[in-house]
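Working notes, beginning with the structure itself.
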Amino acid sequence: MKIRPEILDHWPEVRERLPAGFDLEATARLRGAFTRVREIKNAETLLRLALAYGGLGMSLRETCAWAEAGGIARLSDPSLLERLCKAAPWLGDIVAALIAEQTKVPAGRFAGYRLRVLDGTSICHPGADRTSWRLHVGYDLATAQIDQLELTDIHGAENLQRLTYTPGDIVLADRYYARPRDLRPVIDAGADFIVRTGWNSLRLLQTNGEPFDLFAALAAQQEQEGEVQVRIHEGVTAATPLVLRLVVRRKDPQQVEAEQTRLLKAASKRGKQPDPRSLEAAKYILLLTSLPATTFAPADILALYRFRWQIELAFKRFKSLAGLDNLPAKKPELAQAWLYARLIVAIIAEQIAGQVPDSPPSGYGNPTGQPPIGKSFALASHEDSPDHHLRRHPRATAVAGRL
Numbered sequence: 003m004k005i006r007p008e009i010l011d012h013w014p015e016v017r018e019r020l021p022a023g024f025d026l027e028a029t030a031r032l033r034g035a036f037t038r039v040r041e042i043k044n045a046e047t048l049l050r051l052a053l054a055y056g057g058l059g060m061s062l063r064e065t066c067a068w069a070e071a072g073g074i075a076r077l078s079d080p081s082l083l084e085r086l087c088k089a090a091p092w093l094g095d096i097v098a099a100l101i102a103e104q105t106k107v108p109a110g111r112f113a114g115y116r117l118r119v120l121d122g123t124s125i126c127h128p129g130a131d132r133t134s135w136r137l138h139v140g141y142d143l144a145t146a147q148i149d150q151l152e153l154t155d156i157h158g159a160e161n162l163q164r165l166t167y168t169p170g171d172i173v174l175a176d177r178y179y180a181r182p183r184d185l186r187p188v189i190d191a192g193a194d195f196i197v198r199t200g201w202n203s204l205r206l207l208q209t210n211g212e213p214f215d216l217f218a219a220l221a222a223q224q225e226q227e228g229e230v231q232v233r234i235h236e237g238v239t240a241a242t243p244l245v246l247r248l249v250v251r252r253k254d255p256q257q258v259e260a261e262q263t264r265l266l267k268a269a270s271k272r273g274k275q276p277d278p279r280s281l282e283a284a285k286y287i288l289l290l291t292s293l294p295a296t297t298f299a300p301a302d303i304l305a306l307y308r309f310r311w312q313i314e315l316a317f318k319r320f321k322s323l324a325g326l327d328n329l330p331a332k333k334p335e336l337a338q339a340w341l342y343a344r345l346i347v348a349i350i351a352e353q354i355a356g357q358v359p360d361s362p363p364s365g366y367g368n369p370t371g372q373p374p375i376g377k378s379f380a381l382a383s384h385e386d387s388p389d390h391h392l393r394r395h396p397r398a399t400a401v402a403g404r405l
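Going by my numbering, the sequence shown wraps up at 405, each residue one higher than the last.
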């Protein structure tokens with residue numbers, strides 16, 4: 003058993019990072035996380051125990067031994083388990099408050115718009131062969147911070163309505179979010195979207211309501227990049243048709259070969275032949291957007307969508323560096339407490355690390371590799387760029403050292 007006494011040394015600093023004005027004691031009692039003073043004297047002590055267990059990866063037994071050795075609390079493993087299970091909703095409130103605090107930071111803008119990415123990541127409990135929990139994350143590209151988060155079980159589907167939108171938002175999402183009934187509410191909120199789609203993700207129509215032949219349109223495209231207006235079949239009768247831009251880009255031969263090989267292997271594992279339409283569609287990138295053509299050319303739409311990879315890096319940091327995918331608990335309530343505690347530590351660690359991206363993605367669909375004139379894309383760095391680097395706060399250290 004490894005006891006980590008250094009946690010005691012930096013608790014005041016971590017406590018200062020908690021949401022301003024968030025009353026730990028009152029909220030813990032309101033949520034039923036802390037109802038009486040016995041082994042645990044106050045809500046702050048309960049939070050420290052939760053962060054030791056979930057945030058730093060201690061076992062229940064290690065957490066109890068650490069707490070007793072440090073004079074923080076004296077309780078048994080079963081007692082701690084019960085307390086943590088009851089504390090799960092309260093810990094979720096702290097995560098939400100931390101994220102709300104981050105959104106107060108003035109966001110950078112692209113031509114008056116706020117760029118956000120929406121995506122989900124799966125988390126499995128020990129021994130599971132499929133998703134146990136799903137984390138839905140909204141990520142502000144200008145501040146490089148999470149601005150919304152929702153934890154659901156396996157039944158929590160990925161959809162655009164996981165985010166709350168404000169006028170001027172542009173949300174970037176992959177093909178799992180291309181669902182007909184989820185697109186219009188984004189526009190109704192005054193926001194816009196760039197969503198990747200597949201050849202069979204949506205039922206596309208011509209603007210007059212007649213059937214639309216996607217593959218004929220793809221074959222007719224002469225340039226590497228182009229667009230066509232399409233109408234989305236929403237399954238319900240709407241007052242006005244939902245007409246969007248379908249931006250198309252031909253992939254490079256190497257990309258086509260890699261995607262077609264993947265499709266062939268996947269079909270072979272199932273003992274089937276791949277759909278010829280899937281192999282043909284693998285030659286293109288298809289993006290649906292509600293942004294006006296007068297302001298955003300197809301090259302701009304494609305360049306903006308490239309920023310979506312930033313959230314993949316955030317997931318990688320949370321999983322590989324913060325250990326979010328090392329969930330040790332099967333009991334749902336305890337698993338929630340562990341995940342929320344881990345997220346609290348991960349968010350605070352990101353704040354302390356102070357990552358500030360300072361170079362734009364490489365490649366903008368033009369020979370110079372520069373963004374279109376008059377529009378700044380300097381919101382994020384690109385992992386493949388030779389001059390890519392992140393400025394880190396000099397005090398950035400391991401999470402354990404800060405708790």
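Glycine included, each C-beta is placed from N, C-alpha and C at the ideal position.
Between residue 182 and residue 140, the alpha-carbon positions lie close to 20 Å from each other.
Here residue 157 is exposed, its C-beta having fewer than 16 other C-beta atoms within 10 Å.
The beta carbon of residue 48 sits closer than 7 Å to the beta carbons of 30, 35, 36, 42, 85, 89 from its chain, once the five residues preceding and following it are set aside; these are given in chain order. In the three-state reduction of the DSSP assignment, residue 128 falls in the coil class, being assigned neither a helical nor a strand state.
If you draw a 10 Å sphere on the C-beta of residue 316, you find 16 or more other C-beta atoms in it, and that means buried.
The shortest C-alpha to C-alpha distance from residue 80 to any of 213, 73, 64, 320 is the one to 64. Annotation: the segment 224–260 contains the following complete segments of the beta strand (DSSP E) (minimum length 3 residues), in chain order: 227–234, 244–252. If you draw a straight line from the Cα of residue 307 to the Cα of residue 51, it is about 41 Å long. Residue range 147–155 is occupied by the beta strand (DSSP E) that includes residue 154. About 5 Å separates the CB atoms of residue 172 and residue 117; that is less than 8 Å, so the two are in contact.
When only Cα atoms are considered, residue 96 and residue 53 end up about 12 Å apart.
In the pairwise beta carbon analysis, the segment 246–256 is classified as touching the segment 293–311: at least three pairs are separated by under 8 Å. Contact between the segment 161–168 and the segment 213–230 is absent: fewer than 3 CB-CB pairs across the two stretches fall below 8 Å. Taken atom to atom, the span from the alpha-carbon of residue 135 to that of residue 71 is near 34 Å. When the five nearest sequence neighbours on each side are left out, the beta carbons in the same chain lying within less than 8 Å of the beta carbon of residue 211 are those of 233, 243, in order along the chain.
With contacts defined as CB atoms closer than 8 Å, residue 251 and residue 227 qualify as a contacting pair. In the assembly as shown, residue 129 is an exposed residue. Its beta-carbon has fewer than 16 other beta-carbons within 10 Å.
In the three-state DSSP reduction, residue 211 falls in the coil class, being neither helix nor strand.
A straight-line Cα-Cα distance of about 7 Å links residue 132 and residue 126. For residue 19, the CB contacts under 7 Å within the same chain, skipping 5 residues up- and downstream, are 350, 353 in chain order. The Cβ atoms of residue 288 and residue 303 do not sit closer than 8 Å to each other.
Counting every other CB atom within 10 Å of its CB across the protein chains shown gives residue 237 a total below 16, marking it as exposed. The beta carbon of residue 178 sits closer than 6 Å to those of 160, all from its chain and outside the five residues before and after it, given in chain order. For residue 307, the uninterrupted alpha helix (DSSP H) segment begins and ends at 300–307.
By the criterion of a C-beta distance shorter than 7 Å, residue 332 is surrounded in its chain by 127, 128, once the five residues flanking it on both sides are discounted. Boundaries of the alpha helix (DSSP H) around residue 83: 79–104. Residue pairing by DSSP puts residue 287 in a beta bridge opposite 251. Separation of residue 326 and residue 153 (C-alpha to C-alpha, rounded to the nearest whole angstrom) is 13 Å.
Residue nearest to residue 342 within the set 100, 45, 74 is 100 (criterion: CA-CA distance).
Rounded to the nearest whole angstrom, the C-alpha separation of residue 321 and residue 149 is 18 Å. With respect to the 8 Å criterion, residue 83 and residue 62 are classified as neighbours on the basis of their beta carbons. If you ignore the 5 residues before and after residue 337, its C-beta comes within less than 8 Å of the C-beta of 127, 134, 135, 329, 331, all in its own chain and listed in chain order.
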